[in-house]
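Novice:
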Amino acid sequence: MNETTPSDRRTVPSLKGSCLCGAIQWQLDDVQLAQICVCHCGMCRRLSGSTFIPFGAIERAKLWPVVKDFPTLKSYQSSSTTTRYFCGTCSSAMVFDYHFEPNSLWVPLGSLQDLDPSLLDSTRDSLIFVNDQASYETTLKSDLKEFSSFGLYKSDPCQPCKKWDEIPTFVSTAASSESENQVDLKDLPGATET
16 MNETTPSDRR TVPSLKGSCL CGAIQWQLDD VQLAQICVCH CGMCRRLSGS TFIPFGAIER
76 AKLWPVVKDF PTLKSYQSSS TTTRYFCGTC SSAMVFDYHF EPNSLWVPLG SLQDLDPSLL
136 DSTRDSLIFV NDQASYETTL KSDLKEFSSF GLYKSDPCQP CKKWDEIPTF VSTAASSESE
196 NQVDLKDLPG ATET
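The opening position of the sequence shown corresponds to residue 16 in this note's numbering, with each subsequent residue numbered one higher.
1) Under DSSP, the alpha helix (DSSP H) around CYS59 begins and ends at which residues?
2) Taking C-beta to C-beta, are ASP112 and LEU120 nearer than 8 Å?
3) Judging by CA-CA distance, which residue of ASP140, VAL122, ASN146, GLN174 is the nearest neighbour of GLN40?
4) What is the residue span of the beta strand (DSSP E) that ARG99 lies within?
5) Taking only three categories from DSSP, how would you classify LYS178?
6) Pull up the distance between the alpha-carbon of ASP45 and that of SER29, whole angstroms please.
7) Can ILE51 and LEU124 be called in contact, C-beta distance under 8 Å?
8) Give a yes or no on whether the C-beta atoms belonging to LEU134 and ARG25 are separated by under 8 Å.
9) Can you list, in chain order, the residues of its chain whose CB lies under 7 Å from that of CYS59, leaving out five sequence neighbours each side?
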């Protein structure tokens, strides 16, 4: 903990972030992760293509000098108060800069590597703009089955067939293709051996 950080602030010994393609990578030591918010606003949903973005506030004085000079870092001013930075190669969202916050920058938690889930703190972290959440989000959370890998995902689900059940799940398709040396499950993101 450095001398300028109050003792009740959440400080992380090491925090690493990167974009999908690896063109932007950063690491900070003894950095404040002041707050985590999960935003459901329409702008964040359209930016991410997802139902929400979880992001955390990091000290501007530590993060900005480390990320500002990456050649692939591009910006988009999404409103009069916000500039969003992203990788120009892979389009990963990297930093949100709220112009009225001189001490903080926000990073999408998905860009962080190995974030300890025990860091979540219900006294300071929250879901925000929940009234703006997508109408289907509540149904998604409560009605769908959960899987640690591909689960019920079907490869090329728009293919012509008579019945939905005729389309094999991705795992069974990949397993049969793997035996023909066409697919290596280890190379697929999130894949586990079956």
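Glycine is no exception: its CB is placed at the ideal position from the N, C-alpha and C atoms.
Specialist: Reading off the structure:
1) Counting along the chain, the alpha helix (DSSP H) containing CYS59 begins and ends at 57-63.
2) Between ASP112 and LEU120, the CB-CB gap stays under 8 Å.
3) Here the closest residue by C-alpha is VAL122.
4) Where ARG99 is concerned, the enclosing beta strand (DSSP E) stretches over 97-102.
5) LYS178 falls in the coil class under three-state DSSP.
6) Roughly 6 Å separates the two Cα atoms.
7) Taking 8 Å as the Cβ cut-off, ILE51 and LEU124 qualify as a contacting pair.
8) Yes, these two residues count as a Cβ contact at 8 Å.
9) Same-chain partners within the cutoff: PHE67, ILE68.
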